[in-house]
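S.K.: This is the structure I have questions about; it appears just below.
In my numbering, the protein residues as written are 113 to 730.
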């Protein structure tokens, strides 16, 4: 029955109603059994007063149980993920039910045997709790055998009885798509041998691997100790190789961040599947074109270069001020695409002569402008640099692009541009205003693409968490309630390229980042993926919001509206009306005061961007 509920996609409300009905039924059965037990299974021996008392009390017993269960969210759980937390909630609910039942007895003036109350309470607890774990028990013993013969299954040995191994086993047991059977666990901790993990026996240490492979007919070994590296890992994996079983390892955090693990592995952090784009459309738009990427050595810029290179452009020009970043992506692309016509140039978008010379020399068809200062707290301390680099750098690059007839100019923007509370976000809002103005004034199609945070980018929380976990903690989170929109770098860049395919000029494309992610949850998930337990092995410390930071980000300003595109992950915010001559005068003012490193820069920005709210310094 549980399998039917969760396997057939029955809506949550319907599941909750059915479970509440079963709870009511179990309460009736529990106290009925208790009454019969009290009189030695002789129904005729039960006095009429007790039978009447039983029937009289049941409506209250049932109502009280369902109300308390609902209050403790016992109708909100996902059965296939039922764990110790559901057991704790059940225990807490029954503790609360004790005084509730007591008040009910007094109110109804119920006179029943004491054993009736005690046995009914215990039996109902066991039955209602077992109901919530029944799906997992069914899956553990029968779920992986359906439709698959024993000889057709992957028979798995898991190396590692820690948090990562437990999570892996739970997912393998619960999966309805994998024809797998987890048979045993190996762990070098002698205190764990002989115990069970998620119902799977821990049968020995590394010296028992070969023996247990034969005993359990293992054909697949998964190494699930991502926090262990070096000599120990090498020794264990060498033993595993002797078995000739298929061998896999659970990724560590460094592999997630460095992109050594496929994007789909990150869905546990984001709570959703990988996004899809139409690569044919993207490649058609880029193939045979000259493409310039500013900031091409950065996190977003380098991924843009990788995906553009796949489309076989006529020429790819990378422009970056940081020579080390530019060199790294240059070497990577030369190895991966030896036939690519690649040009790597060093320079700053703040230098008008340099960016004009680059545009005039190479005459790109498409420009992806990713060069920007992005670190919020650092820009709060150096606001004039944010304006020089982000706003004026964008204006100079856009002007140079229009002058030589670039067909399409795509600005990489951010959700922090919406109702900004920091100078970095305000500067990116000004950049969006720049490209909209330039679109009205020139023949080039200027657009902006706005999205939230990306996993693993320079300055993002993931590399920080990775270092902190590697050092043994603590992991620092600014606020327990802070949330952000997240996407992986390849996902975000794919959508940027697709949005540029849709561009007709003047749009602000808004990427659907899915549901916001609580940073605290992400930190805890990363700790678990690293093989540790949060707050036990690795402490989490809350440090408070940083200057200019807010609890949540928005992706769309109220006045922009929304328009759908052919890709459900990409939407369009319509241009906002503004006076272009007035705005150009303000850009000249910003250029002047930023060169002077004026203390009034935030005040002036707030006059231009009315949605910018900053904390005035005392």
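Heads up, the beta-carbon is just placed ideally off N, CA and C, and yes, glycines get one too. Keep in mind the model is a prediction, meaning the values are calculated, not measured.
Under three-state DSSP, which class holds residue 359?
M.R.: Translated into positions along the chain shown, residue 359 becomes position 247. Strand at residue 359.
S.K.: Distance, Cα to Cα, residue 604 vs residue 507?
M.R.: As a position in the chain shown, residue 604 is number 492, starting the count at 1. As a position in the chain shown, residue 507 is number 395, starting the count at 1. About 24 Å.
S.K.: Would DSSP call residue 511 helix, strand or coil?
M.R.: Numbered from 1 along the chain shown, position 399 holds the residue referred to as residue 511. Residue 511: helix per DSSP, three-state reduction.
S.K.: Determine the contact status of residue 297 and residue 284, defining contact as a CB-CB distance below 7 Å.
M.R.: Start at 1 with the first residue of the chain shown, and residue 297 comes out as number 185. Start at 1 with the first residue of the chain shown, and residue 284 comes out as number 172. No, the pair does not count as a contact, with Cβ atoms beyond the cut-off.
S.K.: Check whether the Cβ atoms of residue 559 and residue 530 sit closer than 7 Å, and answer yes or no.
M.R.: Within the chain shown, residue 559 is the residue found at index 447, counting from 1. Within the chain shown, residue 530 is the residue found at index 418, counting from 1. Going by C-beta atoms, residue 559 is not nearer than 7 Å to residue 530.
S.K.: Starting from the Cα of residue 701, find the closest Cα among 689, 716 and 690 and give me that residue.
M.R.: The residue you call residue 701 lines up with position 589 of the chain shown. Of the listed residues, the one whose Cα sits closest to residue 701 is 716.
S.K.: Could you tell me the alpha carbon to alpha carbon distance between residue 722 and residue 452, rounded to whole angstroms?
M.R.: On the chain shown, residue 722 is found 610 positions in, with the first residue counted as 1. On the chain shown, residue 452 is found 340 positions in, with the first residue counted as 1. Going from the Cα of residue 722 to the Cα of residue 452 covers about 45 Å.
S.K.: Can you give me the Cβ contacts of residue 441 inside the same chain, cut-off strictly under 7 Å, excluding the 5 residues immediately before and after it?
M.R.: To locate residue 441, count along the chain shown from 1; it is residue 329. Around residue 441: 408, 409, 414, 417 and 430.
S.K.: DSSP three-state label for residue 697, please.
M.R.: As a position in the chain shown, residue 697 is number 585, starting the count at 1. Note: residue 697 maps to helix in three-state DSSP.
S.K.: Are residue 591 and residue 504 touching if we call contact CB-CB under 7 Å?
M.R.: Residue 591 sits at position 479 when you count from the first residue of the chain shown. Residue 504 sits at position 392 when you count from the first residue of the chain shown. Cβ distance not < 7 Å, so residue 591 and residue 504 don't count as in contact.
S.K.: Where does residue 484 sit, in a helix, a strand or coil, going by DSSP?
M.R.: Taking the chain shown and counting its residues from 1, one reaches residue 484 at position 372. In this structure, residue 484 counts as coil in the three-state DSSP scheme.
S.K.: I'd like the ranges of any alpha helix (DSSP H) spanning at least 4 consecutive residues and lying wholly in the segment 154-240.
M.R.: If we require 4 residues or more, the alpha helix (DSSP H) runs fully inside the segment 154-240 come out as 160-183 and 196-220.
S.K.: State yes or no: is the C-beta of residue 490 nearer than 6 Å to some heavy atom of the ligand ADP?
M.R.: Absence of the ligand ADP from the depicted structure is noted, as is the absence of any ligand whatsoever, leaving it without description.
S.K.: Taking DSSP as the reference, what is the three-state secondary structure of residue 525?
M.R.: For the purposes of this step, residue 525 is taken as residue 413 along the chain shown, with counting starting at 1. It is a strand residue.
S.K.: Starting from residue 451, follow its DSSP beta bridges and name the residues at the other end.
M.R.: Taking the chain shown and counting its residues from 1, one reaches residue 451 at position 339. Residue 451 is not bridged to any residue.
S.K.: Helix or strand or just coil, what does DSSP make of residue 472?
M.R.: Reading the chain shown from its first residue, position 360 is the one you call residue 472. Of the three classes helix, strand and coil, the one that applies to residue 472 here is helix, per DSSP.
S.K.: Kindly indicate which three-state DSSP category residue 427 falls into: helix, strand or coil?
M.R.: Residue mapping note: residue 427 aligns to position 315 of the chain shown, counting from 1. Of the three classes helix, strand and coil, the one that applies to residue 427 here is strand, per DSSP.
S.K.: Does the distance from the CB of residue 466 to the CB of residue 525 come in under 7 Å?
M.R.: The residue you call residue 466 lines up with position 354 of the chain shown. The residue you call residue 525 lines up with position 413 of the chain shown. No.
S.K.: Please work out which residues of its chain come closer than 7 Å, Cβ to Cβ, to residue 472, disregarding the five sequence neighbours upstream and downstream, and give them in chain order.
M.R.: Locating residue 472 in the chain shown gives position 360, counting from the first residue. Closer than 7 Å at Cβ, skipping near neighbours: 516.
S.K.: Specify, as a first and last residue, the run of the alpha helix (DSSP H) that residue 714 falls within.
M.R.: To locate residue 714, count along the chain shown from 1; it is residue 602. Per DSSP, residue 714 belongs to the alpha helix (DSSP H) from 713-720.
S.K.: Measure from the alpha carbon of residue 294 to the alpha carbon of each residue in 271, 275, 305 and 302, then state which is nearest.
M.R.: Locating residue 294 in the chain shown gives position 182, where the first residue counts as 1. Considering only alpha carbons, the answer is 271.
S.K.: Would you please state the rounded distance, in angstroms, between the beta carbons of residue 172 and residue 144? I believe it to be under 8 Å.
M.R.: Taking the first residue of the chain shown as 1, we reach residue 172 at position 60. Taking the first residue of the chain shown as 1, we reach residue 144 at position 32. The pair is not a contact, with the Cβ atoms about 15 Å apart (cut-off 8 Å).
S.K.: Compute the Euclidean distance between the alpha carbons of residue 655 and residue 129, then round it to the nearest angstrom.
M.R.: The sequence position of residue 655 within the chain shown is 543, counting from 1. The sequence position of residue 129 within the chain shown is 17, counting from 1. Near 42 Å, if we compare the C-alpha coordinates of residue 129 and residue 655.
S.K.: Decide yes or no for the touch test of the segment 221-229 against the segment 156-171: beta carbon pairs closer than 8 Å, at least 3 of them.
M.R.: Short answer: they touch.
S.K.: Which residue or residues does DSSP assign as beta-bridge partners of residue 308?
M.R.: Taking the first residue of the chain shown as 1, we reach residue 308 at position 196. DSSP output for residue 308 lists 313 as bridge partner(s).
S.K.: Can you list, in chain order, the residues of its chain whose CB lies under 6 Å from that of residue 333, leaving out five sequence neighbours each side?
M.R.: In the chain shown, residue 333 corresponds to position 221, counting from 1. Cβ within range, chain order: 269, 352, 357 and 359.
S.K.: Quick one: using the 10 Å Cβ neighbour count with 16 as the cut-off for buried, is residue 485 buried or exposed?
M.R.: The sequence position of residue 485 within the chain shown is 373, counting from 1. It is buried - the Cβ of residue 485 has at least 16 other Cβ atoms within 10 Å.
S.K.: Determine the closest residue to residue 616 out of 520, 582 and 636, with distance taken between C-alpha atoms.
M.R.: As a first step, residue 616 is located in the chain shown; it is residue number 504 there, counting from the start. Of the listed residues, the one whose Cα sits closest to residue 616 is 520.
S.K.: From the DSSP secondary-structure annotation, give me the bridge partner or partners of residue 456.
M.R.: Here residue 456 corresponds to residue number 344 of the chain shown, with the count starting at 1. In the DSSP output, where bridge partners are listed per residue, residue 456 has 430.
S.K.: Between residue 255 and residue 461, what straight-line distance do the alpha-carbon atoms span, to the nearest angstrom?
M.R.: The count along the chain shown starts at 1 and reaches residue 255 at position 143. The count along the chain shown starts at 1 and reaches residue 461 at position 349. The pLDDT assigned to residue 255 is 49, lower than 50, so where the model puts this residue is not dependable; a value taken from the coordinates is nonetheless given after this. Looking at the two C-alpha atoms, the distance is approximately 59 Å.
S.K.: Does the beta-carbon distance from residue 146 to residue 181 come in below 7 Å?
M.R.: The residue given as residue 146 occupies position 34 in the chain shown. The residue given as residue 181 occupies position 69 in the chain shown. Not a contact, by the Cβ cut-off of 7 Å.
S.K.: Whole angstroms are fine: how far does the CA of residue 202 sit from the CA of residue 241?
M.R.: As a working note, residue 241 is residue 129 in the chain shown. As a working note, residue 202 is residue 90 in the chain shown. Near 7 Å, if we compare the C-alpha coordinates of residue 202 and residue 241.
S.K.: In or out: residue 375 buried (at least 16 other Cβ within 10 Å) or exposed?
M.R.: For the purposes of this step, residue 375 is taken as the residue at position 263 of the chain shown. At residue 375, the pLDDT of 38 sits below 50, so the modelled position is not reliable; the number obtained from the coordinates is stated separately. Classification of residue 375: buried, given that the 10 Å Cβ count is 16 or more.
S.K.: With a threshold of 8 Å on Cβ separation, who are the neighbours of residue 355 within its own chain once the five nearest residues in sequence on each side are excluded?
M.R.: Indexing the chain shown from 1 puts residue 355 at position 243. The answer, listed in chain order, is 321, 322, 325, 330 and 333.
S.K.: Which residues mark the beginning and the end of the alpha helix (DSSP H) in which residue 578 is found?
M.R.: On the chain shown, position 466 is the one that residue 578 refers to. First-last of the alpha helix (DSSP H) with residue 578: 573-582.
S.K.: Taking the alpha carbon of residue 584 as the point to measure from, which residue in 535, 647, 538 and 618 has its own alpha carbon closest?
M.R.: Stepping through the chain shown from its first residue, residue 584 is reached at position 472. Checking every option, the nearest Cα to that of residue 584 belongs to 647.
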